[in-house]
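Peer 1:
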Amino acid sequence: MIFLTVILVLSSLGLIATVLLQSGVSAGLGAIGGASESFFGKKKGLDAVFQKVSIASAAIFLLSSLGVAWLMK
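Quick note, the sequence shown lines up with residues 0 to 72 if you use numbering that gives the first Met the number 0.
(1) Check whether the Cβ of residue 55 lies closer than 6 Å to any heavy atom of the ligand NAP, and answer yes or no.
(2) State the CB to CB distance for the pair residue 60 and residue 7, rounded to an integer number of angstroms; the pair is presumed to be in contact (CB under 8 Å).
(3) So the alpha helix (DSSP H) residue 88 belongs to, where does it begin and stop?
(4) Thinking C-beta only, is residue 70 closer than 7 Å to residue 0?
(5) Would you tell me roughly how many angstroms separate the C-alpha atoms of residue 15 and residue 72, rounded to the nearest one?
Structural data, given as C-alpha cells:
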C-alpha cells in the first residue's frame with residue numbers, strides 16, 4: 000500500500016513537471032512559421048522526450064491510482 004502511494008506521488012510529480020516543461024502550441028510563429036511541422040508529427044529534441052516521459056508517467060499514475068483505489072476497497 001505504501002509502495003503504491005509513493006509511486007503515485009512520484010508519477011504525479013513527474014507528470015506535472017513534464018507537462019510544464021513542454022513547449023506550448025503557440026510557441027513560435029504558428030502554422031505559418033513552422034509549427035505545422037510539429038502538428039504533423041515532426042517533433043524534435045526535448046519536446047519528443049518530454050512527450051514520451053509524460054505518456055509513461057500518465058500510464059504509471061493511472062495504474063497506481065487504480066491499485067490504491069482497489070486496495071482501499
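Even for Gly, the Cβ is constructed at its ideal location relative to N, Cα and C.
Peer 2: Quick look at the numbers:
(1) As presented, the structure is devoid of all ligands, the ligand NAP included, so that no description of it is given.
(2) 7 Å
(3) Residue coverage of the chain in this structure runs from 0 to 72, which leaves residue 88 outside it and unanswerable.
(4) yes
(5) 27 Å
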